[in-house]
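J.:
In the numbering used here, the protein residues as written are 12 to 445.
1) So does the segment 290-306 actually touch the segment 261-281, counting three or more Cβ pairs closer than 8 Å?
2) So, with DSSP's three-state summary, where would you put residue 384?
3) Along the beta strand (DSSP E) that carries residue 402, what are the first and last residues, could you check?
4) Check each candidate in 419, 91, 423 and name the one with the smallest Cα separation from residue 73.
5) Residues in the same chain with beta-carbon distance under 7 Å from residue 196, minus the five sequence neighbours each way, listed in chain order, please.
6) Which of helix, strand or coil does DSSP assign to residue 336?
7) Could you spell out where the alpha helix (DSSP H) holding residue 300 opens and where it closes?
8) Which residues does DSSP list as the beta-bridge partners of residue 240?
9) Per DSSP, what kind of secondary structure is residue 521 in: helix, strand or coil?
10) Should residue 78 and residue 206 be called a contact, given that it needs their Cβ atoms to be closer than 8 Å?
11) Determine the direct distance from the alpha carbon of residue 226 to that of residue 402, and round the result to whole angstroms.
12) Quick test of your reading: residue 70 and residue 167, contact by CB under 8 Å. State the CB separation rounded to the nearest angstrom.
13) Between the alpha carbons of residue 444 and residue 394, how many angstroms are there, rounded?
14) Find the nearest neighbour of residue 438 within the set 145, 310, 338, 387, judged by alpha-carbon distance.
15) By Cβ distance, which residues of its chain are closer than 6 Å to residue 164, with the 5 residues on each side in sequence left out?
16) Helix, strand or coil for residue 38? Go by DSSP, reduced to three states.
17) Using the three-state DSSP reduction, which class does residue 111 fall into: helix, strand or coil?
18) What residue range is occupied by the uninterrupted beta strand (DSSP E) comprising residue 64?
19) Could you tell me which residues DSSP puts in a beta bridge with residue 140?
20) Just checking my contact of residue 238 with residue 261 at CB under 8 Å: how many whole Å lie between their CB atoms?
21) What did DSSP end up calling residue 189 once you bin it into helix, strand or coil?
22) To which residues of the same chain is residue 138 closer than 8 Å at the C-beta, ignoring the five residues directly before and after it?
23) Count the C-beta pairs between the segment 338-355 and the segment 311-323 that are closer than 8 Å, then say yes if the count reaches three, no if not.
24) Could you pull the DSSP bridge partners for residue 174 from this structure?
25) Where does residue 486 fall in DSSP's three states?
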């Protein structure tokens with residue numbers, strides 16, 4: 012189950028591990044679309060608000076003797092028996108150490124140290140846990156005893172595997188010298204074997220009764236004024252956008268993406284579009300966003316590996332391979348600079364605050380103000396007040412996803428400066444269309 016294809020799927024999701032994998036848009040999930048499948052993998056960035064609305068579909072899939080795998084941070088009631096994610100606090104590498112791993116086919120031959128660290132960095136595997144249902148089997152614990160991976164065969168007639176944080180199917184992808192690279196293929200083999208066993212044996216019954224919270228009826232919190240952010244329903248974005256020190260600058264509230272195409276944007280000072288949201292629904296709202304820009308509004312758009320929205324005027328995005336490990340090289344320096352150091356952006360942010368990694372390069376239209384650039388001339392961020400009567404702020408950075416996932420400290424420094432800046436800048440940039 013995906014949040015619309017972005018091009019950054021894991022080798023498993025692309026079918027490169029030898030298994031027949033179908034990617035199903037989360038908004039297309041129903042009894043009919045799931046019927047041919049025996050294992051459902053739920054990506055971490057899906058709209059969990061929507062999942063609460065189809066939780067009976069997921070429950071029926073499980074009660075048909077099938078398997079659901081969830082890697083991520085649960086923050087809505089849609090998965091039987093599961094409870095909400097609890098982060099490890101404080102956020103420090105010494106608390107992210109994997110200390111207990113059960114003897115299980117998924118982790119056969121995998122070194123605990125390789126689960127804990129990738130190239131000396133801890134936190135990729137797990138940065139918290141979900142409280143475990145009574146009777147479930149715990150597979151992995153962190154140093155503080157938190158159960159980060161478990162298998163639940165008691166809450167339904169099927170099997171649920173829950174892993175907190177990292178995508179086990181993409182874990183250690185490309186790290187051939189890391190035994191954790193065995194996990195994706197071993198997990199897939201276990202899941203298919205589990206599904207076959209469920210289908211060939213007498214169907215289990217479950218006495219578990221789902222004590223669901225009510226399905227949210229009103230998701231958006233838009234006020235019709237101030238700066239608002241588009242919210243696609245993922246736990247990472249919800250965490251970032253509702254963190255009090257950032258939410259105080261979102262006086263316009265949150266605009267739920269599935270409702271955006273029917274939302275009146277005319278009264279807002281600014282609209283922030285986070286990275287990694289459903290492109291199909293965003294494209295459906297393009298007329299509203301373009302009308303808003305034509306009337307002098309400010310739009311911010313980030314990229315997390317997916318191209319920036321093609322409908323935004325003047326935006327040209329080019330793919331660049333993402334080097335997540337540049338800072339481990341001797342004398343590491345991304346070489347970030349700006350040709351416009353006097354721009355108001357830099358009254359709130361330093362170049363170091365904008366430096367973690369990037370996802371592509373952009374070509375500013377003539378007359379736009381470049382904010383961030385690399386030694387090879389690639390531009391990572393700019394402000395465009397020439398392509399429309401409004402203002403576009405474009406960046407190939409992904410701060411919301413990382414901060415919301417309790418990972419990448421630099422993104423917190425970025426948001427600490429960016430959110431108060433955009434709040435004032437958007438208000439001061441309001442222009443009247445000719």
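Just so it is clear, CB atoms sit at the ideal spot from N, CA and C, and this is done for glycine as well.
T.: With the structure as the only source:
1) Yes, the segment 290-306 touches the segment 261-281.
2) Numbered from its first residue, the chain shown carries residue 384 at position 373. The answer is strand: DSSP assigns residue 384 an E or B state.
3) Along the chain shown, one-based indexing puts residue 402 at 391. Residue 402 -> beta strand (DSSP E) spans 402-406.
4) In the chain shown, counting from the first residue as 1, residue 73 sits at position 62. The shortest C-alpha separation from residue 73 is found at 91.
5) Looking up residue 196 in the chain shown gives position 185. Same-chain partners within the cutoff: 28.
6) Position 325 of the chain shown, counting from 1, holds the residue named residue 336. Looking at residue 336 - three-state DSSP - the assignment turns out to be coil, as it is neither helix nor strand.
7) Indexing the chain shown from 1 puts residue 300 at position 289. That run of the alpha helix (DSSP H) goes 297-305.
8) The residue labelled residue 240 in the question sits at position 229 within the chain shown. DSSP lists 265, 283 as partners of residue 240.
9) As shown, the chain starts at 12 and ends at 445. That puts residue 521 outside it, with no answer to give.
10) Position 67 of the chain shown, counting from 1, holds the residue named residue 78. Position 195 of the chain shown, counting from 1, holds the residue named residue 206. In this structure, residue 206 lies closer than 8 Å to residue 78 by Cβ.
11) Numbered from its first residue, the chain shown carries residue 402 at position 391. Numbered from its first residue, the chain shown carries residue 226 at position 215. Looking at the two C-alpha atoms, the distance is approximately 37 Å.
12) Residue numbering aside, residue 70 sits at position 59 when the chain shown is read from its first letter. Residue numbering aside, residue 167 sits at position 156 when the chain shown is read from its first letter. The C-beta distance from residue 70 to residue 167 rounds to 7 Å, short enough to meet the 8 Å contact threshold.
13) Locating residue 444 in the chain shown gives position 433, where the first residue counts as 1. Locating residue 394 in the chain shown gives position 383, where the first residue counts as 1. Summary for residue 444: the model assigns pLDDT 48, below 50, so the residue's position carries little reliability; its value from the coordinates is reported in the next sentence. When the Cα atoms are used, residue 444 and residue 394 turn out to be separated by approximately 18 Å.
14) Position 427 of the chain shown, counted from the first residue, corresponds to residue 438. Considering only alpha carbons, the answer is 310.
15) Position 153 of the chain shown, counting from 1, holds the residue named residue 164. Only 170 meet the Cβ criterion.
16) The residue you call residue 38 lines up with position 27 of the chain shown. Taken through DSSP and simplified to helix, strand or coil, residue 38 comes out as helix.
17) Taking the first residue of the chain shown as position 1, residue 111 is located at position 100. Strand at residue 111.
18) Position 53 of the chain shown, counted from the first residue, corresponds to residue 64. Per DSSP, residue 64 is not a residue of any beta strand (DSSP E); the alpha helix (DSSP H) it occupies stretches across 59-64.
19) For the purposes of this step, residue 140 is identified with residue 129 of the chain shown, where counting begins at 1. Assignment of beta-bridge partners to residue 140 by DSSP yields 97.
20) Residue 238 sits at position 227 when you count from the first residue of the chain shown. Residue 261 sits at position 250 when you count from the first residue of the chain shown. Right, their Cβ atoms sit about 6 Å apart.
21) Locating residue 189 in the chain shown gives position 178, where the first residue counts as 1. Of the three classes helix, strand and coil, the one that applies to residue 189 here is coil, per DSSP.
22) The count along the chain shown starts at 1 and reaches residue 138 at position 127. Contacts found: 98, 99, 102, 107, 175, 176, 416, 417, 418.
23) The segment 338-355 vs the segment 311-323: no contact.
24) As a first step, residue 174 must be located in the chain shown, where it is residue number 163. DSSP lists 82, 160 as partners of residue 174.
25) Only positions 12 to 445 of the chain appear in this structure, which leaves residue 486 out of reach.
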